[in-house]
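Below is one structure; the comments refer to it alone.
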Amino acid sequence: MSLKSTLGAATALGLIAASSAYADSHSPSITIATVNNGDMIRMQGYTDTFTEATGIAVEWVTLEENVLRQRVTTDITTKGGQFDIMTIGMYETPIWGAQGWLVPLDDLSAEYDAGDILPAMAGGLSHDGTLYAAPFYGESSMIMYRTDLMEKAGLEMPEAPTWDFIAEAAAAMTDRDNEINGICLRGKAGWGEGGALITAMANSFGARWFDEDWNAQFDTEAWANTVNFYKNMMDASGPAGYATNGFNENLSLFQQGKCGMWIDATVAASFVTNANDSTVADSVGFALAPDNGLGKRANWLWAWALAIPAGTQQEAEAKQFIEWATSKSYIELVAEKEGWANVPPGARKSLYENPEYQKVPFAQMTLDSILSADPENPTVDPVPYVGVQFAAIPEFAGIATEVSQEFSAAYAGQQSVEDALAKAQDITNEAMEAAGYR
Amino acid sequence: MATKASRSAARLMMAPAVILLLGWMLVPLTMTLWFSFRTYLPLRGGDQGWTGFDNYVRFVTSSSFWPAVSTTLIIVTGVLAITIALGVLLAILLDQPMWGQGVVRILVIAPFFVMPTVSALVWKNIFMDPTNGLFAHLWRFFGADPVSWLSNAATPSIILIVSWQWLPFATLILLTAIQSLDSEQLEAAEMDGASPLARFFYITLPHLSRAITIVLLIQTIFLLAIFAEIFVTTGGAFGTRTLSYLIFQRVLESQNIGLGSAGGVYAIILANIVAIFLMRIVGKNLDT
Amino acid sequence: MARSVTTQRKTINTTIAWIIGLLIFFPILWTILTSFKTEAQAINDPPLFLFFDWTTENYATVMERSNYARFLWNSIVIAGGSTLLGIIIAVPAAWSMAFVPSKRTKDILLWMLSTKMLPAVGVLYPIYLLCIRLGVLDNRVALVIILMLINLPIIVWMLYTYFREIPGEILEAARMDGATLKEEILYVLTPMAIPGIASTLLLNFILAWNEAFWTLNLTAAQAAPLTAFIASYSSPEGLFYAKLSAASTMAIAPILILGWFSQKQLVRGLTFGAVK
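Chains as they are written, first to last, in this note's numbering: chain E, 1 to 438; chain V, 1001 to 1288; chain P, 2001 to 2276.
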């Protein structure tokens, strides 16, 4: 190609491109922002079913979790109106609901049966008793462990183990020569990653984020115990580089048979027992998240839910979609096409009453875990906030991400646990002061 | 040579570009300045009024500020040093006669076409992952323990990723410059018995100084703003929080627009300090 | 190049250059290879180099899940549109800087470059609010304009350096023959500067194509380019190396191919005035 013709072609292409930029199409449709998790991807696949039934076209904006959060937060706080439905979690919903940024979901149809939503989920997605987001799936956290390795180590997993047992079992299962790590836990910085695990864990150690006057509590014995226990156990029995492992990294490790135990989201159960992806699918057991005998277990509570930003032009259509996607019949549709183990879990009571679903090996343990989490009273000592692995205040995400970065640096051996806790204390108090709490 | 008429025509022709850029600079800058003096918390009822210099004081007294500044400078200078040093060597190498020169050139410039997000994702997952990454396999093959790149050597890893992206750019500019070097001069020096090293330091390097300056200037502008590479790989953990990442955390993660805007003003000041510094060198080197 | 070179030296040069070239290219090659593996093969220990069952299932999955054509088209529109618009605005400016220089020309040039130093995250909210006010969120025209503004300083600078290499006498001669300013630019200057304009086009097309902050934050469904496409494949649940590799390959392939075909122009044209 000669220089001139290259240039000519480029110019022509550019002109076509530039002129077509004016021809944005405006077909009547709803735009949904969602996270690229497996259940949502599956939902995308069934969009046609919805469109056929209702005539409403759906545009998906599927993003990785961090990008999604950044994107929808910018849009809702500025009232940008880019999305008709946003996929958000238990952290955002009550805060945004209180601001009046979300459309209340208090007029869902009788057929939808809003009373069937698990109370723990409905509670976490409400503000002042009004539901602002419908749970697509809900989760707690629990222990997933390798029954074969546990047996080989000569141990037996109790239904509700203690942290001491977990540390002991992790050490016993670790086999460095065969690349088997006794335990895999999140260590990755980010409030929804390692931050969630360590906060839930701290609850079981009797620690808390804030006292009742919003003073940071990282200078307490309980926090020091939590982080030290975590680091010691992970150094002894965790995988290399655990300070950068999040949910996904640990999932791969577990599926490849490189973890003896893994304490993480209950939704992971369907991935690790799926023989297509998991090499250990037939030897996975489940147990409640551990405790320290203080009355609180180290399990969290979370839901990915669909919410409608106030001010959208397509409120009715958006509601129709939410009713479809979080309905009982959607669950049946997925069950019919892909089996009961793959339906979105943790949102509806009726699912756990279904005899077919009860046959799924992790169903009961998921429900038990969800029921044992209490966002209203998450800690041993009283706290002024709601939320198990987070505090439902607008400042938390920012603070907890920075705090968890300090922790991750300690896990990686770049600073001592004491230094990390001291910095966490400063960061938190600094930010709470800036926000006017103290 | 320039007549009065052509001078006013020239001004007219420059106007669109200047006015547009002035607008692009002033509008956001004014808004940033305005926000930086206000308590603006979108999740707490939005703009809550005037707050004086509080945001500026808070941003600069935060324990994260100075580490962020030094991280920024370390990453920028690290990448500059690597890309310029390797760029010069690569340019000299690619200028030598060889078979398949065109193909090699293509291989070398390819990373420049890769989106920063993609390159960060690929490096992080497929290469630097301590369990499944290619480096981990390589280390294990030699009997060594895999390195947790993005936690234990986070800043060097990011410098590596960014350098990989920008090496082609440096190489390209330096290669163009080296091709314009008068080869007879080199030959004459060779005849006079100058060693290859001497030829490099007394002929090639001085000839390249102008090109090096330009690489320095352009890359600095882009490197001060790197974001995707950090967002994807470490999220600012392990001492990789640059100034622009800190601003991101304040604005988007903490939802404190006022504080973030004050940070933005500091970043502009830092960029201008660097710019003045650079322009001194460039000005000296670009004078014709 | 008049130097005579021994075959031995040429062989050594070739060997070293090829090793380094392949080393630098390796991450891209490996990504492309990985995109043809299954997820399990992608993390196989030891890594599989060439001898595995090649599969295109990842591409099929990606094509089924995402409207690749739309992302691609948006990338082309945004990168192409912003580059062209930038050139149209920059040519006159660069012309006047090169041929009617004043004392302030260099200052203006450097000031233009300094506008690139505004940290994007710092002005996200102002720009977002502005876009809402103007009703141009998720709009390709808005992105064309914003990316044009971001790259305009580079375009002006590049063109300025090319124009300066054109001897002023030629323009004088054209003027003597009675050419108007418009004719002078269109028929004398531009043809002579075509190699320079071509490499300016290319470089800025690449920069605009790879811009991942504004294109991600100001778009939703309609105007989202390939940078947003990638964001839906990074770190999902489960094994994802192969799918990520396939998506990455699809995102960089068009620009990589363009770059390869035009590398001669790039090598010749990327001088930024460094060659005197």
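We treat Cβ as the ideally placed atom computed from N, Cα and C, and that holds for glycine.
If you're wondering where the values come from, they're calculated on a predicted model, not measured in any experiment.
- At a C-beta separation below 9 angstroms, Phe1238 (chain V) has these neighbours in chain E: Ala189, Ala243, Thr244, Gln405, Ser408, Ala409, Ala412, Gln414.
- The Cβ of Leu253 (chain E) sits closer than 8 angstroms to at least one Cβ of chain V.
- Ala2246 (chain P) and Ser2035 (chain P) do touch by the CB rule: their CB atoms are close to 4 angstroms apart, below 8 angstroms.
- Residue pairing by DSSP places Leu306 (chain E) opposite E:Thr87, E:Ala134 in a beta bridge.
- Residues Asn203, Val388 of the same chain have their beta carbon placed closer than 6 angstroms to that of Pro378 (chain E), with the five preceding and five following residues left out of the count.
- Scanning the stretch 337 to 421 of chain E for uninterrupted alpha helix (DSSP H) segments of 4 residues or longer gives 349 to 353, 355 to 358, 363 to 371, 396 to 411, listed from N- to C-terminal end.
- When rounded, the separation of the alpha-carbon atoms in Leu1259 (chain V) and Asp374 (chain E) is 34 angstroms.
- Leu2216 (chain P) reaches chain E at Val67, Arg71, counting residues in chain order whose Cβ is nearer than 8 angstroms.
- Rounded to the nearest whole angstrom, the C-alpha separation of Gln2263 (chain P) and Thr1233 (chain V) is 30 angstroms.
- With contacts defined by Cβ atoms closer than 8 angstroms, Tyr132 (chain E) and Gly154 (chain E) do not form a contacting pair.
- Here Gly129 (chain E) is exposed. Its C-beta has fewer than 16 other C-beta atoms within 10 Å.
- In this structure, the CA atom of Asp219 (chain E) is about 28 angstroms from the CA atom of Val1069 (chain V).
- The Cβ of Gln1249 (chain V) sits closer than 8 angstroms to at least one Cβ of chain E.
- Sorting E:Ala196, E:Val267, E:Tyr46, E:Thr428 by C-alpha distance to the C-alpha of Lys337 (chain E) places E:Tyr46 at the top.
- Within the DSSP bridge table, the entry for Tyr1040 (chain V) names V:Asp1047 as partners.
- Under the Cβ distance rule, Gln1179 (chain V) does not count among the residues neighbouring chain E, no pair being separated by less than 8 angstroms.
- Look at the beta carbons and you see the stretch 361 to 372 of chain E touching the stretch 290 to 310 of chain E: at least three pairs across the two are nearer than 8 angstroms.
- The distance from the Cβ of Asn2013 (chain P) to that of Gln1165 (chain V) is about 26 angstroms, inconsistent with a contact at the 8 angstroms cut-off.
- Take the alpha-carbon of Ala420 (chain E) and the one of Pro309 (chain E): they are about 38 angstroms apart.
- At a Cβ-Cβ threshold of 8 angstroms, Ala1010 (chain V) and Val2100 (chain P) count as neighbours.
- Residue pairing from DSSP places Ala265 (chain E) in a beta bridge opposite E:Ser141.
- If you ignore the 5 residues before and after Ala1237 (chain V), its C-beta comes within less than 8 angstroms of the C-beta of Ser1151, Ala1154, all in its own chain and listed in chain order.
- The way I'd put it, the stretch 1243 to 1256 of chain V does touch the stretch 1058 to 1072 of chain V; three or more beta-carbon pairs between them come closer than 8 angstroms.
- In this structure, Gln256 (chain E) lies away from Val272 (chain E), with their beta-carbon atoms at least 8 angstroms apart.
- By the criterion of a C-beta distance shorter than 7 angstroms, Leu253 (chain E) is surrounded in its chain by Cys184, Pro239, Cys259, once the five residues flanking it on both sides are discounted.
- Distance between Tyr2125 (chain P) and Cys2131 (chain P), taken at the CA atoms: about 10 angstroms.
- The contact set of Gly89 (chain E) on chain P, defined by CB atoms closer than 8 angstroms, is empty, because the minimum CB distance reaches about 15 angstroms.
- With distances taken between CA atoms, Ser2082 (chain P) lies nearest to P:Thr2200 out of P:Trp2260, P:Phe2240, P:Ile2230, P:Thr2200.
- Under the DSSP definition of a beta bridge, Leu1259 (chain V) lacks any partner.
- Below the 7 angstroms Cβ cutoff, chain E contributes no neighbours of Glu1229 (chain V), its closest Cβ being approximately 14 angstroms away.
- Taking the C-beta atoms as reference points, Leu1167 (chain V) is found nearer than 8 angstroms to Gly1087 (chain V).
- Residues of the stretch 383 to 401 of chain E with a C-beta atom less than 8 angstroms from some C-beta of chain V are Pro394, Glu395, Ala397, Gly398, Ile399, Thr401, listed in chain order.
- In the DSSP assignment, no residue is bridged to Thr1242 (chain V).
- Of all C-beta pairs linking the stretch 223 to 234 of chain E to the stretch 320 to 329 of chain E, fewer than three are shorter than 8 angstroms, placing the two stretches out of contact.
- If you keep only unbroken beta strand (DSSP E) runs of at least 3 residues inside the stretch 24 to 87 of chain E, you get 29 to 35, 57 to 63.
- By the C-beta density criterion, Lys2037 (chain P) is buried, having at least 16 other C-beta atoms within 10 angstroms.
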